[in-house]
Amino acid sequence: MNKPFAITLQVGSSLANKTGSWRTFRPVYVNRLPPCNNACPAGEDTQGWLFHAESGDYETAWRHLTEANPMPAVMGRVCYHPCEGACNRGKLDDAVGINSVERFLGDEAIKQGWAFSKPAASTGKRVLVVGAGPSGLSAAYQLRRMGHEVVIFEAGPAAGGMMRFGIPKYRLPREVLDAEVQRIVDMGVELRLETKVDNILETMKAEKFDAAFLAVGAHIAKRTAIPATESSRILDAVSVLRSMEGEETPMLGRRVVVYGGGNTAIDVARTAKRLGAEEAIIVYRRTRDKMPAHDFEVEEALQEGVMMRWLSTIKQVGDGGAIQVEKMVLDEAGRPVPTGEFDTLEADSVVLALGQDVDLGLLDGVPGLSFEDGVVQVGDNMMTAYPGIFAGGDMVPSDRTVTVGIGHGKHAARHIDAWLKGTTYDKPAKKEIATFDKLNPWYYTDADKTVRPMLDIIRRQSSFDEVQGGLDESNALFEARRCLSCGNCFECDNCYGVCPDNAVIKLGPGRKFEFNYDYCKGCGVCVEECPCGAIALEPESA
Amino acid sequence: MGHQDIKFYQTGTFTVGNRLLPPEQRSVQADMERTNSLNSGHRACQGCGEALGARYAIDAAMRATGNRLVAVNATGCLEVFSTPYPETSWQIPWIHSLFGNAAAVATGVAAANKVKARKAGLALPETRVIAQGGDGGTTDIGFGCLSGMFERNDDVLYICYDNQAYMNTGVQRSSATPPAARTATTMPVGDEPGNEWGQGKNVPLIAMAHGIPYVATASVSDLRDLEYKVTKAMNMRGARYIHIFVPCPLGWGSASQDTIKLARLAKETGLFPVFEAEYGEVTNVSKIRQKQPVEAYLRLQRRFAHLFGKKPRLDVVARFQEMADQNIRKFGLLGSDRAAVGFPGSEHK
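Here the protein sequences come in this chain order: A and B.
According to my numbering, the residues represented by the first sequence are 1 to 542, in order.
According to my numbering, the residues represented by the second sequence are 543 to 891, in order.
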């Protein structure tokens, strides 16, 4: 016996005692779906790209982001960021400024000249995209990445669609749009401007396209029957905004009345102000909270001196621009009801912003299609009833925002790709959402949202300079780091630290962690103390 | 506090580590090469606060001393669950003698180290000594030896893992058991159910009254603070005392996953003030970050279930709240307040 004093058994380590056998529940690492990703109409992996931005690796962040959306500099300006509305951080202090970080990454990419990689191999398939708006550009980009040959036919003189001919410059400077369009073209996408498609089937046949994605948008202004004298000046919002891109700015006069309550009405009124109108008045039949326009845009318009006439309809436009306005009240259901009380407004011009219709002429003669409310119907795969013709953006039933358009393009591209291969694209099953109750917010330090600078009010009323500024490198990093990383491990080491049984194995930077089930007793402390809800506790099978 | 200066937007320094922090600013526990002084396979219950607290503290001490460390253990849960003969979970030199004499044995080890240093011609011993035990071995049975060690200012860091009763032998009351708590020996019967409302025995304050170089309280819910205090203590000489709050799912009747949460609530309610003191004077307190009512803490534990039964004892809950509020005033636990009253022993320097 060669043992220490007073010992009859060989000394051993407690590692011989596999305490994992005590377990009735087992912790498992999971990836839950962050609410921001879930809310994004373009399907961006927001949390995923913020993760890279947090470490200052902006190029990787941008590349990750652009897998879903090729135009972050545009979206960082014009997107209504439903992601921020869903952000769990909103329940702590303020939502993460996802949109401002997206813009920072987009601007950084333009500044640094980051380019998309060209497809590795060609599939030999040709896809026609009709319309170079957000949806068409997004589809072209995705299809090109997949190796297809893509040609965009655009009726207008420049690419961008409503991003160019609808959204005013003070919200989206054109050099930003141009840079992001050019980057898509540089991937090898052919862009043919001033090329209107009159008959889709003929065009496809003539140039041997294997499939087509239609995204012509909605450009035809809706009219309403307002009795008017010949001398009165009545314009429509779409033409006014479009003519802003031309050489001659529209003649609106000193007093401009805009009829409608959507974002387009706001855009026109703010544009009129900038063109020198002393008064720009929005006439809308319901109340402010019922306005389809986003409230922050209404607020910005009011700051710039745009005036609002709620609960009013225009009955007729008389000589010299005397507008007869009828007062309305809301009934119990919130619908406006006329009161019979009238009022008169003086205006040099009246701009109608009552929504837009789609020019569906290119679909004439395509058999089997169905239309509803002036838009073409598509299936879950974005394909019309005619095989090989897909459609998206404003010409199909949708919310008609740039972001939705980008999402349609991506979505359609996946289905077109599958269709060309003779297969179908099955969307991966949606993961469980990382709701606020899954987090342990104790671990997050207080950090208020970084507010983006706004242009001086005087310049907002007189110039088309961009209203909202961007973040710089230091505060963009701060903002990115406010992300809670909901539902996805960000390597905080908490599980590795808090395990009383030393049963979490740290695999090293970027490689995350693993449970050592030989010793894990299933106490659940790691689950409870995981800040971001990336561990679930599951019952052990008998 | 100095050691919490790192302002991380995402998680501050509240998490164990953070991939964005430079390695030198990460905690000992975030280190892939940490000692794991108390290794896997120990027989502590699921979610044991003491096992966690001991690994936190000893790993930090190992790093602070360059792995020149010996630990003396009192009898108790920590000793029993870590060393069922012939196995050991300890990956450091470790010795156990009796329930009540850990401080005295540590004094002896420190004296031996001193002799060895002198013989080797060194000014100071290279190997440092930690004595550790539960609240029973510290505040009751080992108290005489502990006080003697303080009074002699022996070069020992004594760490008490306070889980508020004798858990190893079946949850009997100790002098660290809170009032009204149910234990095997203080059943919830009669007009004053559970443990009596006595004066309590606050060993950190008693340790301060000895005027020793360093006294601190810490909690398993604040790793950074705990590591900072152990490291600081190991960089000092003489008698030092750290009292670590370690919830016990078995003895408290709490869910095993709530161990850290309970420790956090004890601090955030004010029931367990977290502070440090040098030579009898409080030098730092950990402020309450998100103040909580005592009920949030009490309700999670079955040892207080009788306060929330068919006839809720709101009067008893109110007395707990008073206790917490008194701590908040006394230690200045809220905002930027300074401690309002002097501490016993603060006159000794």
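We put the beta carbon where it would ideally sit given N, CA and C, even for glycine.
{"Query": "M395 (chain A): first and last residue of the uninterrupted beta strand (DSSP E) it sits in", "Result": "Segment: none, M395 (chain A) is in no beta strand (DSSP E) and carries neither H nor E."}
{"Query": "Delimiting residues of the alpha helix (DSSP H) encompassing Q182 (chain A)", "Result": "174–185"}
{"Query": "Span separating the alpha-carbon of V317 (chain A) from that of M307 (chain A)", "Result": "19 angstroms"}
{"Query": "Buried or exposed by the 16-neighbour rule on C-beta atoms within 10 Å, applied to N581 (chain B)", "Result": "buried"}
{"Query": "Inter-residue spacing [alpha-carbon to alpha-carbon] between L842 (chain B) and T66 (chain A)", "Result": "47 angstroms"}
{"Query": "Neighbour flag for D543 (chain A) against chain B, beta carbons, 8 angstroms", "Result": "Residue numbering for chain A in the displayed model covers 1 to 542; residue 543 (chain A) lies beyond these limits and cannot be assessed."}
{"Query": "K829 (chain B) versus A644 (chain B) - alpha carbon distance", "Result": "32 angstroms"}
{"Query": "Partner residues on chain A for F787 (chain B), Cβ-Cβ distance less than 7 angstroms", "Result": "Within 7 angstroms Cβ-Cβ: nothing; F787 (chain B) doesn't reach chain A, min ~15 angstroms."}
{"Query": "DSSP three-state assignment for T445 (chain A), whether helix, strand or coil", "Result": "coil"}
{"Query": "Backbone secondary structure at D615 (chain B) - three-state DSSP", "Result": "The amino acid at residue 615 (chain B) is misidentified as Asp; the sequence shows Asn. Note: N615 (chain B) maps to strand in three-state DSSP."}
{"Query": "Which of helix, strand or coil DSSP assigns to D764 (chain B)", "Result": "coil"}
{"Query": "Short CB-CB distance (under 8 angstroms) between Q834 (chain B) and chain A", "Result": "no"}
{"Query": "Through-space distance from R806 (chain B) to I870 (chain B), alpha-carbon basis", "Result": "15 angstroms"}
{"Query": "Residues within the stretch 790–804 of chain B neighbouring chain A, beta-carbon criterion of under 7 angstroms", "Result": "S798, Q799, D800, T801, I802, K803"}
{"Query": "As assigned by DSSP and simplified to three states, the class of N826 (chain B)", "Result": "strand"}
{"Query": "Sequence-distant residues of its chain with Cβ nearer than 7 angstroms to I7 (chain A) (five each side left out)", "Result": "none"}
{"Query": "Cβ neighbour criterion (16 or more within 10 Å) applied to I457 (chain A)", "Result": "exposed"}
{"Query": "Backbone secondary structure at E592 (chain B) - three-state DSSP", "Result": "helix"}
{"Query": "Residue environment, T498 (chain B), which counts as buried when at least 16 other CB atoms sit within 10 Å", "Result": "The question about residue 498 (chain B) has no answer here: the residues shown for chain B are numbered 543 through 891."}
{"Query": "D514 (chain B) - containing alpha helix (DSSP H), residue span", "Result": "Absent from the structure is residue 514 (chain B), since the part of chain B shown begins at 543 and ends at 891."}
{"Query": "Continuous beta strand (DSSP E) stretch holding Y29 (chain A): start and end", "Result": "25–29"}
{"Query": "4-residue-minimum alpha helix (DSSP H) runs that sit fully inside the stretch 368–437 of chain A, ordered along the chain", "Result": "402–420"}
{"Query": "Whether V713 (chain B) touches A722 (chain B) by CB criterion (8 angstroms)", "Result": "no"}
{"Query": "Contact check, P27 (chain A) vs C489 (chain A), beta carbons under 8 angstroms", "Result": "no"}
{"Query": "Y496 (chain A) in three-state terms, based on DSSP", "Result": "helix"}
{"Query": "Whole-angstrom distance between I200 (chain A) and D359 (chain A), CA atom to CA atom", "Result": "13 angstroms"}
{"Query": "Three-state secondary structure (DSSP) of W632 (chain B)", "Result": "strand"}
{"Query": "Interface flag, Q546 (chain B) vs chain A, CB-CB below 8 angstroms", "Result": "Because Q546 (chain B) sits at a pLDDT of 42, beneath the cut-off of 50, its placement in the model cannot be relied upon, and the point is left open."}
{"Query": "Residue-chain proximity (G559 (chain B), chain A), Cβ-Cβ < 8 angstroms", "Result": "yes"}
{"Query": "Contact set between E491 (chain A) and chain B, taken where Cβ atoms lie within less than 7 angstroms", "Result": "R561"}
{"Query": "Cβ-Cβ distance between I701 (chain B) and I637 (chain B) below 8 angstroms", "Result": "no"}
{"Query": "Closest Cα partner of D472 (chain A) within the set A:Q47, A:K111, A:G188", "Result": "A:K111"}
{"Query": "C-alpha distance - A140 (chain A) paired with L241 (chain A), whole-angstrom precision", "Result": "26 angstroms"}
{"Query": "Partner residues on chain B for K521 (chain A), Cβ-Cβ distance less than 7 angstroms", "Result": "Q588"}
{"Query": "Three-state secondary structure assigned by DSSP to P720 (chain B)", "Result": "coil"}
{"Query": "Contact check, W310 (chain A) vs R288 (chain A), beta carbons under 8 angstroms", "Result": "yes"}
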